[in-house]
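Presented below is the structure to which this report refers.
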Amino acid sequence: MADAVWITPLLIVVVGIILLSIFFSFFPVALWISALASGLRISIITLVAMRLRRVTPSRIVNPMIKAHKAGLTLTINQLESHYLAGGNVDRVVNALIAAHRANIPLEFERAAAIDLAGRDVLQAVQMSVNPRVIETPNVSAVARNGIEVVVIARVTVRANIDRLVGGAGEETIIARVGEGIVTTVGSSDTHKEVLENPDKISRTVLEKGLDAGTAFEILSIDIADVDVGKNIGAFLQTEQAEADKRIAQAKAEERRAMAVAEEQEMNARVVEMRARVVEAESEVPIAMAEALRNGKIGVMDYLNIKNLEADTEMRGSLGGMNVTHVDKQDPNK
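Below, the structure is given as structure tokens:
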């Protein structure tokens, strides 16, 4: 009996705690009291309606309290609609407060549009107050005399809130500045002109209006460093000469191969001609035998021909001996 007496009150307490936790989780009374203490009148029904619309009340009420304390005129519907659209309500309110303190005209609708576009609206407001310095990477350019010049520039930019939606980013600024540097150095007769007057680059780049169509306003372009690089002109000439040499060598090798092929072809033709001569000489005895059989020549005619051949061969051998004897006596002849 004693245990039953204690179990009933304990169950009542547990059930009461559960009901209270459910009540306070669904009815944000603490948040409502915090809003009232800040001078912001929000009905508890409005907070419950946020729960029903799957909106976290603290994500709306806390930024609303900050905006109210800062003197901004915002409504719950504006903040809630921006939250439902996927925006960052707290960041937008912080940006509006910063712009209000810096006397920068910024409406809630524009700030919300900038936030929904994926840009950090608070950082944009801070860049409007405190300009940012963007340093370009090493930009290599070549003057007309073929000498390379490496330039590093620092670009001071300020965010243009009116062009944040649809405006180009920092990468475009860096690319345009690099293009201006290359154009300025490339139009210089010598690299010494760039070294003597580096502000020529700044003037030329600023005159081009590089911030057009971007989300920034260029305040100044300062040349941080100018270095002399390689002699690109000499390097290109060397490469061209090497390429010409290889082309000439290839053409010479082609001509040599053609000459060798032609020589081999001529040797083959000589061998072919010798074979024809031998073939023709082999037909002479056959023709003479045929003439003897047919009675076109006699035996004495045949003997005279043989004597003639022997006499010719003897004269040729004697002539060769005389030439060899003369060469041995006088090597210069």
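Residues in the sequence shown are numbered from 5 upward in steps of one, following the working numbering.
Ideal Cβ positions, reconstructed from N, Cα and C, are used throughout, including at glycine.
Integer Cβ distance of Pro135 from Leu223, believed to fall under 8 Å: For the purposes of this step, residue 135 is identified with residue 131 of the sequence shown, where counting begins at 1. For the purposes of this step, residue 223 is identified with residue 219 of the sequence shown, where counting begins at 1. Confirmed, about 6 Å.
Taking the alpha-carbon of Gly182 as reference, which of Gly237, Leu214, Arg167 has the nearest alpha-carbon? Numbered from its first residue, the sequence shown carries residue 182 at position 178. The shortest Cα separation from Gly182 among Gly237, Leu214, Arg167 belongs to Leu214.
Range covered by the beta strand (DSSP E) that runs through Asp215: Locating residue 215 in the sequence shown gives position 211, counting from the first residue. Run containing Asp215: none; DSSP gives neither H nor E here.
Alpha carbon of Lys337 to alpha carbon of Asn308, nearest angstrom: In the sequence shown, counting from the first residue as 1, residue 337 sits at position 333. In the sequence shown, counting from the first residue as 1, residue 308 sits at position 304. Note that Lys337 has pLDDT 47, beneath the 50 cutoff, so the model's placement of it is unreliable and the number below is only indicative. Using only the alpha carbons, I get a separation of about 37 Å.
To the nearest angstrom, report how far apart Ser42 and Ile49 are at their CA atoms. Residue mapping note: residue 42 aligns to position 38 of the sequence shown, counting from 1. Residue mapping note: residue 49 aligns to position 45 of the sequence shown, counting from 1. Spanning the two alpha carbons is a distance of roughly 18 Å.
Do you know whose CA, among Pro109, Leu110, Asn164, lies nearest Met131's CA? Along the sequence shown, one-based indexing puts residue 131 at 127. The candidate whose alpha carbon is nearest that of Met131 is Asn164.
Based on Cα-Cα distance, which residue from Ile69, Ala261, Glu175 lies nearest to Val161? As a first step, residue 161 is located in the sequence shown; it is residue number 157 there, counting from the start. Of the listed residues, the one whose Cα sits closest to Val161 is Glu175.
Write down every uninterrupted run of the beta strand (DSSP E) in the region 111-199 whose length is 3 residues or greater and which is fully enclosed by it, in chain order. Fully enclosed beta strand (DSSP E) runs of 3 or longer: 136-139, 143-146, 151-163.
Under 8 Å: do the region 183-190 and the region 245-256 share three or more Cβ pairs, one atom per stretch? no
My guess is that Ile225 and Val169 are in contact by the Cβ rule of under 8 Å, so how many angstroms apart are they, rounded? By one-based count along the sequence shown, residue 225 stands at place 221. By one-based count along the sequence shown, residue 169 stands at place 165. Ile225 to Val169, Cβ: 25 Å. No contact.
Short of 7 Å in beta carbon distance, which residues of its chain neighbour Val153, apart from the five on each side in sequence? Order them along the chain. One-based indexing of the sequence shown puts residue 153 at position 149. Excluding residues within five positions, the ones whose Cβ falls inside 7 Å are Ala145, Ala147, Val189, His195, Val198, Val230, Val232, Gly233.
For Asn107, which of helix, strand or coil comes out of DSSP? Taking the sequence shown and counting its residues from 1, one reaches residue 107 at position 103. In this structure, Asn107 counts as coil in the three-state DSSP scheme.
Is Pro335 helix, strand or coil by DSSP? Here residue 335 corresponds to residue number 331 of the sequence shown, with the count starting at 1. Here the model assigns Pro335 a pLDDT of 49, short of 50, so the residue's position is not dependable and the matter cannot be decided.
Leu44, DSSP secondary structure in three states: Within the sequence shown, numbered from 1, the residue matching residue 44 stands at position 40. Three-state result, Leu44: coil.
On the criterion of 16 or more Cβ atoms from any shown chain inside 10 Å, does Ala157 qualify as buried, or is it exposed? Taking the sequence shown and counting its residues from 1, one reaches residue 157 at position 153. Result: buried.
Please look up how many angstroms separate the CB atoms of Gly149 and Asp193, rounded, as I've assumed it's under 8 Å. Against the sequence shown, residue 149 aligns to sequence position 145. Against the sequence shown, residue 193 aligns to sequence position 189. Before going on, a small fix: residue 149 reads as Asn here, not Gly. Indeed they touch by this definition, with Cβ atoms about 7 Å apart.
In the structure shown, what three-state DSSP assignment does Asn92 receive? Here the question's residue 92 lines up with position 88 in the sequence shown. Of the three classes helix, strand and coil, the one that applies to Asn92 here is coil, per DSSP.
Check whether the Cβ atoms of Val129 and Leu110 sit closer than 8 Å, and answer yes or no. Position 125 of the sequence shown, counted from the first residue, corresponds to residue 129. Position 106 of the sequence shown, counted from the first residue, corresponds to residue 110. Cβ atoms of Val129 and Leu110: closer than 8 Å.
Residues near Val155 by beta carbon distance below 6 Å, same chain, minus five either side: Mapped onto the sequence shown, residue 155 falls at position 151. Only residues of its own chain outside the window of five on either side were considered, and among them Val143, Ile185, Val230 have a CB closer than 6 Å to the CB of Val155, listed in chain order.
Given a threshold of 16 other Cβ atoms within 10 Å of its Cβ, counted over all protein chains shown, does Asp315 qualify as buried or as exposed? As a working note, residue 315 is residue 311 in the sequence shown. So Asp315 ends up on the exposed side.
For Met5, which three-state DSSP category applies? Residue 5 sits at position 1 when you count from the first residue of the sequence shown. Because the pLDDT of Met5 is 46, which lies under 50, any placement of that residue in the model is unreliable, and the number read from its coordinates should be weighed accordingly. In the structure shown, Met5 falls within a coil segment according to DSSP collapsed to helix, strand and coil.
State the DSSP-derived secondary structure class of Ala272, mapped to helix, strand or coil. Here residue 272 is taken as the residue at index 268 of the sequence shown, counted from 1. Ala272: helix per DSSP, three-state reduction.
Would DSSP call Lys234 helix, strand or coil? One-based indexing of the sequence shown puts residue 234 at position 230. Lys234: strand per DSSP, three-state reduction.
Closest to Thr218 by C-alpha separation, out of Leu240, Ala256, Ala172, would be which residue? Here residue 218 refers to the residue found at position 214 of the sequence shown. Comparing C-alpha distances from Thr218 to each of Leu240, Ala256, Ala172 shows the shortest one belongs to Ala172.
Taking 7 Å as the line, does the beta carbon of Asn235 fall inside it for any heavy atom of the ligand FMN? As far as ligands go, the structure on display features none, and thus does not contain the ligand FMN.
Could you compute how far the alpha carbon of Phe112 sits from the alpha carbon of Thr79? Here the question's residue 112 lines up with position 108 in the sequence shown. Here the question's residue 79 lines up with position 75 in the sequence shown. Distance between the alpha carbons of Phe112 and Thr79: 10 Å.
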